[in-house]
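According to this note's numbering, the sequence shown holds residues 20 to 334 in order.
Comments concern the structure below.
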Amino acid sequence: MTEIRSTVILGSGCAGLTAAIYSARAGLNPLILEGHEPGGQLSMTTLVENFPGWPEGIQGPELIDNMKKQAARFGATFQQADMASVDLKENPFRLQTSAGEIVTRTLIVASGASARWLGLKSEQALIGHGVSSCATCDGFFFRGKEIAVVGGGDSAMEEAHFLTRFADKVTILHRRDAFRASKIMLERAATHTKIAMRTNTVIEEVLGEEDKEVKGLRLRDVKTGEESILPISGLFLGIGHEPNTKMFAGKIDLDEDGYIRTTGNVLVTKDGVVVPGIYACGDVQDRRYRQAITAAGSGCMAALEAEKFLEEQGH
Ligand code: NAP
20 MTEIRSTVIL GSGCAGLTAA IYSARAGLNP LILEGHEPGG QLSMTTLVEN FPGWPEGIQG
80 PELIDNMKKQ AARFGATFQQ ADMASVDLKE NPFRLQTSAG EIVTRTLIVA SGASARWLGL
140 KSEQALIGHG VSSCATCDGF FFRGKEIAVV GGGDSAMEEA HFLTRFADKV TILHRRDAFR
200 ASKIMLERAA THTKIAMRTN TVIEEVLGEE DKEVKGLRLR DVKTGEESIL PISGLFLGIG
260 HEPNTKMFAG KIDLDEDGYI RTTGNVLVTK DGVVVPGIYA CGDVQDRRYR QAITAAGSGC
320 MAALEAEKFL EEQGH
């Protein structure tokens, strides 16, 4: 007979680990499936300066490591596995994972959202060294510098606008000449004295790989084919995020972009009706705030809901 677990947590970023701390402390012996990006987005950032309690800031990977140790201290166990599919038709739920089948009475989905990247080798090599997907996290490091934001949607406009607080000049690079961004956000960016726009432009290479520091961009005009160098010291990706929810398609309610719809903060629904025993927290259900602290907050809520459900069921 397969063991029936009380709580399985999918994802090991800030939301998943906070859910792990709370549910472990409640004696639920949670199992955390670490997923394909263990530690989530924080594990890819450098200094986190806005997480309460760390007056000097803390490195993202260290913060994650601390949370993991805290959860383990109360009995949480971790497995380096990904979930391939899930059967939510009846409780307990059955999960097919890369480490075999797992059966659980509650499932906390904290599988996050992954920033879209351009996919250039030089871009990947310079993440955390001038290439970032989070203006709120890393903008502060570019005070007085010239930087670029890539993308033509609301995220890119919003990031560029936010970054003018720090940078002397922000150049928005967009691959077309029509924008997805809403009129108001586009106008706000286009009329800002510190923001320049370059359309029909793609990034061929991020320069500075050898120095481990962004020195500029090699750009190509898609209309003329002409190449040019833009000297900058930071590149921010504003080309969107993708929630990690593929395995839930058709099983629970997702919005038009694949984010999990929740009600009552963390309760998951199917056709508008709450599915007892499954909860979603962190970026997988939050396209608005996307902060470590808000992810942690919803992770806590999910664990408390799971605990309440188990208690009501007499487990
Ligand atoms: P988005 O609207 O999907 O825009 C992504 C942009 O990135 C597009 O301009 C796209 O170019 C470009 N892009 C995608 N892949 C690329 C690649 N490989 N290389 C170069 N460019 C690439 O995403 P988003 O801006 O993150 O917005 C997502 C949703 O959140 C939207 O509904 C938006 O309105 C909303 N949002 C709202 C606010 C706000 O109201 N405050 C702020 C942020 C986001 P193409 O146009 O050529 O496809």
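Just so you know, even glycine gets a beta-carbon here, dropped at the ideal spot from N, CA and C.
* Asked: Considering only residues of the region 124–183, which uninterrupted beta strand (DSSP E) runs meet the minimum length of 3 residues and lie entirely inside it, listed in chain order?
  -> As far as the region 124–183 is concerned, its whole beta strand (DSSP E) runs of at least 3 residues are 132–134 and 165–169.
* What's the gap between the Cα of Ala38 and the Cα of His193? -> In the sequence shown, the residue the question calls residue 38 occupies position 19. In the sequence shown, the residue the question calls residue 193 occupies position 174. If you draw a straight line from the Cα of Ala38 to the Cα of His193, it is about 38 angstroms long.
* Proximity to Glu68 [Cα-Cα], best of Gly58, Glu81 and Glu56 -> The sequence position of residue 68 within the sequence shown is 49, counting from 1. Minimum Cα distance to Glu68 is reached at Glu81.
* Between which two residues does the alpha helix (DSSP H) containing Leu107 stretch? -> On the sequence shown, residue 107 is found 88 positions in, with the first residue counted as 1. Per DSSP, Leu107 belongs to no alpha helix (DSSP H) and is neither H nor E.
* Asked: Is there contact between the region 299–307 and the region 137–157, where contact requires at least three CB pairs shorter than 8 angstroms?
  -> These segments do not touch.
* Closer than 8 angstroms to chain C by CB, Ala45 -> Here chain C cannot be found, since the structure has a single protein chain.
* Less than 7 angstroms between the CB of Ser174 and some heavy atom of the ligand NAP, yes or no? -> Locating residue 174 in the sequence shown gives position 155, where the first residue counts as 1. Taking 7 angstroms as the cut-off, the C-beta of Ser174 counts as close to a heavy atom of the ligand NAP.
* To do: Evaluate the contact criterion for the region 212–221 versus the region 144–155: three or more CB pairs, one atom per stretch, below 8 angstroms.
  => Segment contact: the region 212–221 against the region 144–155, fewer than three CB-CB distances shorter than 8 angstroms; contact not assigned.
* Asked: Is the Cβ-Cβ distance between Gly170 and Gly257 less than 8 angstroms?
  -> Along the sequence shown, read from residue 1 onward, the residue named residue 170 stands at position 151. Along the sequence shown, read from residue 1 onward, the residue named residue 257 stands at position 238. Taking 8 angstroms as the Cβ cut-off, Gly170 and Gly257 qualify as a contacting pair.
* Asked: Taking the C-alpha atoms as reference points, what is the distance between Lys242 and Ala186?
  -> Taking the first residue of the sequence shown as 1, we reach residue 242 at position 223. Taking the first residue of the sequence shown as 1, we reach residue 186 at position 167. Distance between the alpha carbons of Lys242 and Ala186 is about 29 angstroms.
* So is Ala95 buried or exposed if we call it buried at 16+ other beta carbons inside 10 Å? -> Counting from 1 along the sequence shown, the entry for residue 95 is found at position 76. Per the 10 Å Cβ criterion, buried.
* Check whether Ala43 and Ala90 have beta carbons under 8 angstroms apart -> In the sequence shown, the residue the question calls residue 43 occupies position 24. In the sequence shown, the residue the question calls residue 90 occupies position 71. The answer is yes: Cβ separation under 8 angstroms.
* DSSP state of Phe328, grouped into three classes? -> Against the sequence shown, residue 328 aligns to sequence position 309. It is helical.
* Who are the Cβ neighbours of Thr183 in its own chain at under 7 angstroms, not counting the five residues just before and after it? -> For the purposes of this step, residue 183 is identified with residue 164 of the sequence shown, where counting begins at 1. Counting only Cβ-Cβ distances below 7 angstroms, and skipping sequence neighbours, we find Val189, His211, Lys213 and Ile214.
* Spell out a yes or no on whether the region 198–212 and the region 220–229 are touching, meaning 3 or more CB-CB pairs, one atom from each, closer than 8 angstroms. => The region 198–212, when compared against the region 220–229, does not touch it at the 8 angstroms Cβ threshold.
* Asked: Any idea if Asn85 is buried or exposed, counting beta-carbon neighbours within 10 angstroms, 16 or more meaning buried?
  -> The residue labelled residue 85 in the question sits at position 66 within the sequence shown. The residue in question, Asn85, is exposed, as its Cβ has fewer than 16 Cβ neighbours within 10 Å.
* Below 8 angstroms between beta carbons: does that hold for Ser130 and Asn263? -> Here residue 130 refers to the residue found at position 111 of the sequence shown. Here residue 263 refers to the residue found at position 244 of the sequence shown. Yes. Within cutoff.
* Counted within 10 angstroms of its Cβ, other Cβ atoms place Pro71 as buried (16 or more) or exposed -> Numbered from its first residue, the sequence shown carries residue 71 at position 52. Pro71 is exposed by the Cβ-count criterion.
* At a cut-off of 7 angstroms, is Leu137 close to the ligand NAP when judged by its beta-carbon and the heavy atoms of the ligand? -> Here residue 137 refers to the residue found at position 118 when the sequence shown is read from its first residue. It does: the Cβ of Leu137 is within 7 angstroms (strictly closer) of some heavy atom of the ligand NAP.
* Assigned secondary structure, Val233 (DSSP; H/G/I helix, E/B strand, else coil) -> Here residue 233 refers to the residue found at position 214 of the sequence shown. Val233 falls in the coil class under three-state DSSP.
* Where Gln89 sits in the DSSP three-state scheme -> To locate residue 89, count along the sequence shown from 1; it is residue 70. If DSSP states are grouped into helix, strand and coil, Gln89 belongs with the helices.
* **Through-space distance from Gly301 to Ala315, alpha-carbon basis** => As a first step, residue 315 must be located in the sequence shown, where it is residue number 296. As a first step, residue 301 must be located in the sequence shown, where it is residue number 282. Cα-Cα distance, rounded: 7 angstroms.
* What three-state label does DSSP hand Gln98 in the structure shown? -> Mapped onto the sequence shown, residue 98 falls at position 79. In the three-state scheme derived from DSSP, where H, G and I count as helix and E and B as strand, Gln98 is classed as strand.
* Could you check the C-alpha separation between Thr335 and Pro57 for me, to the nearest Å? => For residue 335 there is no data in the structure shown, the boundaries of the chain being 20 and 334.
* Asked: Is the CB-CB distance between Ala132 and Val303 below 8 angstroms?
  -> On the sequence shown, residue 132 is found 113 positions in, with the first residue counted as 1. On the sequence shown, residue 303 is found 284 positions in, with the first residue counted as 1. Yes, they are a contact pair.
* Under 7 angstroms from any heavy atom of the ligand NAP, does the C-beta of Val169 make it? -> The sequence position of residue 169 within the sequence shown is 150, counting from 1. The answer is yes for Val169.
* To do: Classify Ser317 as helix, strand or coil using the three-state DSSP reduction.
  => Position 298 of the sequence shown holds residue 317. In the displayed model, Ser317 falls within a helix according to three-state DSSP.
* Report the three-state DSSP secondary structure of Asp240 (helix, strand or coil). => Stepping through the sequence shown from its first residue, residue 240 is reached at position 221. Three-state result, Asp240: strand.
* Asked: For Ser247 versus Leu254, is the C-beta distance shorter than 8 angstroms?
  -> For the purposes of this step, residue 247 is taken as the residue at position 228 of the sequence shown. For the purposes of this step, residue 254 is taken as the residue at position 235 of the sequence shown. No; because the gap between Cβ atoms is not below 8 angstroms, this pair is not in contact.
* To do: For Ala209, collect the residues of the same chain with a Cβ closer than 7 angstroms to its Cβ; drop the 5 residues on either side in sequence, then sort them by chain order.
  => Numbered from its first residue, the sequence shown carries residue 209 at position 190. So the qualifying residues of the chain are Met216.
* Does the beta-carbon of His334 have 16 or more other beta-carbons within 10 angstroms, so that it is buried, or is it exposed? -> In the sequence shown, the residue the question calls residue 334 occupies position 315. Looking at its Cβ environment, which holds fewer than 16 other Cβ atoms inside 10 Å, His334 is exposed.
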